[in-house]
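Data first, discussion second: the structure below is written as structure tokens.
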Amino acid sequence: MAAVAFRTAIRDALDEELAADERVILFGEDVAVAGGVFATTTGLYDKYGPERVFDTPISELALAGAAFGSAVHGLRPVVEIMFGDFLTLAMDSLVNQSTKYWFLTQEQVSVPLTIRSVVGAGGRFGAIHSQMPVSWFMGVPGLKIVAAATPADAKALLKASIRDDNPVLFFEHKRLYTLEGEVDGAEARLGEAAVVRAGTDVTLVTAMKGVHDALEAADVLERDHISVEVVDLRTLRPFDLETVLASVRRTNRIVVVEEGPVTGGWAGEVLASVAEHALGYLDDAWRIATPNTPIPYSPPLEDLFLPGAERIATEIRRRLR
Amino acid sequence: MSRVSEKAPTGVLDDLELYTRLYRQMLLIRGFEDLVQSLFLKGEIYGTTHLYSGQEAIATGVASLLEDRDRVAATYRGHGHALALGVDPQKLLDEMLGRESGINGGRAGSMNVNSLDDRLIGSFGIVGGSIAAATGAALALKRTSGGVAVAYFGDGAMNQGYVFECLNFCRVLKLPLVLLCENNGYGEYTSFRSVTAGEIRGRAEAMDVPAETIDGMSVWTVREAAARALAHARAGDGPAFIEAITYRFVGHSRSDPGAYRPEGELDEWKARDPIVLLRAQLEADGIDAGRLDDVARETSEQLDRMRAAGLAAPFPTALESKEFKD
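Following this line, the structure appears as structure tokens:
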């Protein structure tokens with residue numbers, strides 16, 4: 001099986017869903033004629049035409065509103081908000097319209113929209129093109145948040161997001177776009193985590209770029225005879241608590257690695273849920289996340305800021321001593 | 322109600338039966354708002370409400386031209402928008418009262434009413450949010466039924482990013498949207514002139530969107546302008562913009578006595594009460610006053626029955642909600 005780049009997997013998922021369902025439309029800034037700033041929509045405009053795939057003004061308020069209104073009138077819009085940092089501008093319609101509608105219509109009318117957005121640090125993009133906006137949205141009922149770590153998951157989870165009848169935020173980590181991996185075409189369900197490495201001493205829960213850092217750290221720790229089980233959440237909201245609990249009951253320790261500010265992050269939500277349901281199994285529980293500061297630009301500073309494999313390995317070694 | 326000072330000319334209304342129905346509709350909206358206010362003061366309606374009293378000609382005139390395939394996004398001052406579209410008045414009142422029989426089961430309340438079956442996408446509690454919702458509806462309708470989306474908003478929304486972004490978005494994509502700015506002179510407690518640069522209509526004109534400013538107190542004037550705007554949007558020529566000059570006869574919300582208004586301003590506007598204007602025109606054009614009195618009496622009786630039924634309706638008892646659709 002040929003290796004496929006993460007960004008190609010995204011493109012292929014969009015292509016297949018546009019082909020499968022004529023209600024699917026794709027729009028955003030530079031997504032059509034230019035093929036996307038991150039080259040994730042190459043060729044789709046030529047293939048599906050301007051009624052299905054179109055460029056828009058730089059108008060995130062309008063984009064989010066267009067997604068909401070069209071989703072409740074029979075379309076299945078896929079919108080690209082170029083950088084996750086720009087979601088602040090799209091937030092009103094997403095939070096106050098799209099995620100409220102199912103409830104306010106007494107569960108009669110759902111809002112099948114997908115917002116794709118590029119997130120994450122490590123690209124030297126500085127404080128407002130590098131953020132991980134997950135925690136801004138964790139407290140929004142009715143919203144799903146998807147975060148893929150591999151090309152295969154990127155394709156399968158994006159297809160599942162577009163087919164989902166609820167508003168979905170689909171985050172693409174900018175440092176994963178060139179990652180290559182096999183894509184077998186298997187389907188995936190939102191809300192299901194994957195145990196990507198079995199282990200016995202500690203459960204490491206993470207997502208996106210963190211999965212690769214975690215696997216690297218687990219390799220290092222294996223030489224020290226520390227066995228790490230790595231759980232890739234894949235969907236951050238709602239997250240797969242059962243898979244996490246099953247793992248923690250075996251390992252009795254949990255560390256959550258989140259690229260995002262430690263205060264108010266999803267790692268805290270995972271730990272709180274584990275404490276509520278499995279406190280008696282826990283010998284240790286902690287978070288590895290980013291400091292409560294904006295993201296620095298200078299490469300040495302940004303590398304210090306991020307929770308990389310080395311820091312993960314060091315912390316686990318210290319806590320398990 | 323005040324009297325119209327000038328004598329109305331004759332031969333203005335082209336369809337007297339239609340305008341008699343609109344008279345009933347406007348009386349129902351006014352009476353509904355009076356009922357909401359009285360129930361609010363008795364503690365039967367909660368939180369806050371924003372009444373449409375004085376602005377009835379706009380929603381009534383526009384709705385009288387809409388087709389089944391059209392859609393409307395309303396504001397949090399939306400009871401009139403909903404009633405004009407045909408939302409069941411009893412269910413709307415029950416929603417205000419928080420009852421299980423409300424149009425949204427008591428989940429929505431005054432500011433968030435929706436009823437797609439009646440073409441009402443929703444009422445939106447964020448100033449300008451209606452324009453975003455209607456923009457999306459227009460995007461879909463252009464590709465499906467060929468319907469037009471109408472967004473209501475106030476003068477206060479003119480300084481929100483939604484207006485600028487959605488006007489431009491709909492213009493460049495040629496989407497069938499009618500933007501209806503109900504300029505009632507005040508954004509909440511502040512005169513729109515003191516916080517709004519230039520002319521409202523000019524902002525649409527700058528984007529090559531046809532726009533006109535009209536008398537929002539005259540339902541037949543509203544209908545004429547709305548017909549032009551709807552035809553423009555339906556023809557595939559992109560959005561059209563109407564600024565309807567109007568006045569709310571009450572404060573912004575239930576806690577606002579309207580003390581910021583210059584003395585005499587309310588009385589001047591009440592002399593142009595849209596219901597009084599329409600009644601005078603109907604009489605001038607030959608409808609018997611006794612028949613119009615009957616309409617008023619019947620509406621009043623309808624509201625009395627609604628009040629009793631609403632207050633007798635049960636409250637919801639359980640919040641059984643599924644976060645996601647499967």
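As you go down the protein sequences, you meet chains A and B in turn.
Going by my numbering, the first sequence wraps up at 321, each residue one higher than the last.
Going by my numbering, the second sequence wraps up at 647, each residue one higher than the last.
Here a beta-carbon is modelled for each residue, glycine too, at the ideal position from N, C-alpha and C.
Quantities reported herein were computed from a predicted structural model and do not represent experimental measurements.
Are residue i and residue j closer than 8 Å when you measure CB to CB?
{"i": "A:Thr40", "j": "A:Arg7", "result": "yes"}
{"i": "A:Val146", "j": "A:Phe170", "result": "yes"}
{"i": "B:Ala552", "j": "B:Ile563", "result": "no"}
{"i": "B:Thr456", "j": "B:Cys487", "result": "yes"}
{"i": "A:Pro307", "j": "A:Ala289", "result": "yes"}
{"i": "A:Ile162", "j": "A:Val4", "result": "no"}
{"i": "B:Gly508", "j": "B:Gly475", "result": "yes"}
{"i": "A:Arg249", "j": "A:Ala267", "result": "no"}
{"i": "B:Ile442", "j": "A:Val72", "result": "yes"}
{"i": "A:Ser93", "j": "A:Gly74", "result": "no"}
{"i": "B:Gly537", "j": "B:Glu503", "result": "yes"}
{"i": "B:Thr369", "j": "B:Ala405", "result": "no"}
{"i": "A:Thr150", "j": "A:Glu192", "result": "no"}
{"i": "A:Met91", "j": "A:Gly28", "result": "no"}
{"i": "B:Glu616", "j": "B:Leu356", "result": "Just to set this straight, residue 616 of chain B is Val in the shown sequence, not Glu. No; because the gap between Cβ atoms is not below 8 Å, this pair is not in contact."}
{"i": "A:Val257", "j": "A:Asp213", "result": "yes"}
{"i": "A:Val79", "j": "A:Leu89", "result": "no"}
{"i": "A:Tyr281", "j": "A:Arg124", "result": "no"}
{"i": "A:Val111", "j": "A:Phe68", "result": "yes"}
Tell me which residues share the same chain as residue i and place their Cβ nearer than 8 Å to its Cβ, disregarding the 5 neighbours each side in the sequence.
{"i": "B:Arg324", "result": "Note that B:Arg324 scores 49 on pLDDT, short of 50, meaning its location in the model is unreliable and no value can be drawn from it."}
{"i": "A:Ile316", "result": "Val202, Leu204, Ala217, Leu221, Ile226, Val228, Val255"}
{"i": "B:Gly449", "result": "Phe474, Ala478, Gln481, Gly482, Tyr483, Val484"}
Any idea if residue i is buried or exposed, counting beta-carbon neighbours within 10 angstroms, 16 or more meaning buried?
{"i": "A:Phe54", "result": "buried"}
{"i": "B:Arg351", "result": "buried"}
{"i": "B:Val571", "result": "buried"}
{"i": "A:Leu301", "result": "exposed"}
{"i": "B:Met322", "result": "Residue placement at B:Met322 is flagged as unreliable, the pLDDT there being 42, under the threshold of 50; the coordinate-derived value follows with that caveat. It counts as exposed."}
{"i": "A:Asn292", "result": "exposed"}
{"i": "B:Gly611", "result": "exposed"}
{"i": "B:Pro497", "result": "buried"}
{"i": "A:Phe305", "result": "buried"}
{"i": "B:Ile366", "result": "buried"}
{"i": "B:Ala459", "result": "buried"}
{"i": "B:Arg522", "result": "buried"}
{"i": "A:Gly36", "result": "buried"}
{"i": "A:Glu172", "result": "buried"}
{"i": "A:Ile128", "result": "exposed"}
Select from the options the residue whose C-alpha is nearest the C-alpha of residue i.
{"i": "B:Gly477", "options": "B:Thr465, B:Thr456, B:Arg492, B:Val516", "result": "B:Val516"}
{"i": "A:Leu44", "options": "A:Pro133, A:Asp213, A:Glu17", "result": "A:Glu17"}
{"i": "B:Ala622", "options": "B:Ala472, B:Gln411, B:Gly559", "result": "The amino acid occupying residue 622 of chain B in the given sequence is Glu; Ala does not appear at that position. Considering only alpha carbons, the answer is B:Gln411."}
{"i": "B:Leu501", "options": "B:Leu441, B:Ala395, B:Thr511, B:Ala580", "result": "B:Ala395"}
{"i": "B:Trp590", "options": "B:Leu348, B:Ser374, B:Gly368", "result": "B:Ser374"}
{"i": "B:Lys363", "options": "B:Ala532, B:Leu632, B:Pro637, B:Asp647", "result": "B:Leu632"}
{"i": "A:Gly49", "options": "A:Leu63, A:Val33, A:Val37", "result": "A:Val33"}
{"i": "A:Phe103", "options": "A:Ala207, A:Asp92, A:Thr88, A:Val140", "result": "A:Val140"}
{"i": "A:Arg11", "options": "A:Lys47, A:Glu22, A:Arg189", "result": "A:Lys47"}
{"i": "A:Ile295", "options": "A:Glu182, A:Gly210, A:Glu80, A:Ala121", "result": "A:Ala121"}
{"i": "A:Glu287", "options": "A:Leu271, A:Pro238, A:Tyr297", "result": "Looking at the sequence provided, one finds Arg at residue 287 of chain A rather than Glu. Comparing Cα positions, the closest option is A:Leu271."}
{"i": "B:Ser554", "options": "B:Arg544, B:Val530, B:Tyr340", "result": "Residue 554 of chain B is actually Ala in this sequence, not Ser. Taking only the C-alpha atoms, the option nearest B:Ala554 is B:Val530."}
{"i": "A:Asp370", "options": "A:Gly126, A:Val79, A:Leu320, A:Glu187", "result": "The first residue shown for chain A is 1 and the last is 321, placing residue 370 of chain A beyond what the model contains."}
{"i": "B:Tyr397", "options": "B:Glu377, B:Leu372, B:Val408, B:Gly419", "result": "B:Leu372"}
{"i": "B:Leu334", "options": "B:Leu599, B:Glu377, B:Ala453", "result": "B:Leu599"}
{"i": "B:Ala378", "options": "B:Phe513, B:Arg345, B:Glu644", "result": "B:Arg345"}
Residues in the same chain with beta-carbon distance under 6 Å from residue i, minus the five sequence neighbours each way, listed in chain order, please.
{"i": "B:Arg390", "result": "Ser466, Gly468"}
{"i": "A:Val196", "result": "Val230, Asp232"}
{"i": "B:Arg415", "result": "Checking the sequence shown, residue 415 of chain B turns out to be Asp, not Arg. Closer than 6 Å at the Cβ level, and outside the excluded window around B:Asp415, lie Ser422, Gly423, Gly631, Ala634."}
{"i": "B:Ala532", "result": "Arg522, Ala525, Glu526, Phe562"}
{"i": "A:Ala309", "result": "Asp213, Glu216, Ala217"}
{"i": "B:Glu641", "result": "none"}
Can you name, in chain order, every residue of its own chain whose Cβ lies under 7 Å from the Cβ of residue i, other than the five neighbours on each side?
{"i": "B:Lys463", "result": "Leu496, Pro497"}
{"i": "B:Ala329", "result": "Ala601, Gln602, Ala605"}
{"i": "B:Phe361", "result": "Thr370, Arg575"}
Contacting positions in the region 445-477 of chain B - beta carbon closer than 8 Å to chain A: Phe445, Gly446, Ile447, Gly450, Ile452, Ala453, Ala454, Ala455, Thr456, Gly457, Ala458, Ala459, Leu460, Ala461, Leu462, Arg464, Thr465, Ala470
Near-chain B residues of the region 88-102 of chain A - C-beta to any C-beta below 9 Å: Leu89, Asp92, Ser93, Asn96, Gln97, Lys100, Tyr101, Trp102
Within 7 Å of chain B by C-beta, residues of the region 108-121 of chain A in sequence order: Val109, Ser110
Residues of the region 395-409 of chain B with Cβ closer than 7 Å to any Cβ of chain A, in chain order: none
Residues from the region 64-80 of chain A in contact with chain B, defined by Cβ distance under 9 Å: Ala64, Gly65, Ala66, Ala67, Phe68, Gly69, Ser70, Ala71, Val72, His73, Gly74, Leu75, Pro77
Residues from the region 38-59 of chain A in contact with chain B, defined by Cβ distance under 8 Å: Glu51, Phe54, Thr56, Pro57, Ser59
Members of the region 161-174 of chain A near chain B, C-beta cut-off 7 Å: Asp165, Asn166
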